[in-house]
Amino acid sequence: MKIRTDYTCPLEIVHDIIKGKWKTIILYQMKDRPKSLSELEQGIDGISQKMLLEQLKELIQFGLVEKKKFIGYPLHVEYSLTRGRGVYMIEALKIMQKIGVDYMLEYGMDEELICKGILTEEEIESIRLSHGR
Numbered sequence: 622m623k624i625r626t627d628y629t630c631p632l633e634i635v636h637d638i639i640k641g642k643w644k645t646i647i648l649y650q651m652k653d654r655p656k657s658l659s660e661l662e663q664g665i666d667g668i669s670q671k672m673l674l675e676q677l678k679e680l681i682q683f684g685l686v687e688k689k690k691f692i693g694y695p696l697h698v699e700y701s702l703t704r705g706r707g708v709y710m711i712e713a714l715k716i717m718q719k720i721g722v723d724y725m726l727e728y729g730m731d732e733e734l735i736c737k738g739i740l741t742e743e744e745i746e747s748i749r750l751s752h753g754r
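My numbering puts the first residue of the sequence shown at 622, with every later residue one more than the last.
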């Protein structure tokens with residue numbers, strides 16, 4: 622994917638960089654540490670290896686992810702956030718995650734949050750109490 626040159630707003634560029642079903646999820650998976658391809662694949666339900674590789678390639682092109690190859694057999698590759706743009710994007714994704722959690726709680730999707738390990742029952746109760754729900 623190429624970045625267009627006819628933007629009217631910087632948000633259009635960011636949208637083009639992260640648009641699609643998988644990119645934000647891939648980035649969020651790397652928020653704490655570098656990940657191997659298999660770790661990313663296992664951590665993202667429903668993504669094929671082909672799609673994952675395609676999305677990683679675009680994220681590398683846009684300067685959010687870097688790929689490191691380790692010498693030896695078997696070949697080991699790790700993907701990590703770039704120090705600048707990649708780490709900075711995580712701040713925005715954390716805000717987006719909070720908005721998604723709030724929406725899910727508002728619409729009674731507590732079990733999905735618990736099953737995915739996003740929140741515990743205690744954390745959900747604490748959020749509800751703090752919001753007066």
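All C-beta atoms in this analysis are idealised placements derived from N, C-alpha and C, irrespective of residue type, glycine included.
Quick caveat, the model's predicted, so the values are computed rather than measured.
Opening and closing residue of the beta strand (DSSP E) in which residue i lies
| i | result |
| --- | --- |
| K613 | Beyond the ends of the chain as shown, which are 622 and 754, falls residue 613; an answer cannot be given. |
DSSP beta-bridge partners of residue i
| i | result |
| --- | --- |
| S657 | E699 |
As assigned by DSSP and simplified to three states, the class of residue i
| i | result |
| --- | --- |
| Y628 | coil |
| K642 | coil |
| I634 | helix |
| Y724 | helix |
Host alpha helix (DSSP H) of residue i (start-end)
| i | result |
| --- | --- |
| D731 | 731-736 |
| I745 | 742-751 |
Rounded distance between the beta-carbons of residue j and residue i, thought under 8 Å
| i | j | result |
| --- | --- | --- |
| V698 | L740 | Rounded, the Cβ-Cβ distance is 32 Å, inconsistent with contact. |
| L685 | L702 | 7 Å |
| L714 | Y649 | 5 Å |
| I647 | L674 | With a Cβ gap of about 11 Å, I647 and L674 do not count as contacting. |
Q. Whole alpha helix (DSSP H) runs in the stretch 668-722 with 4 or more residues, listed along the chain?
A. Qualifying alpha helix (DSSP H) stretches, in chain order: 670-682.
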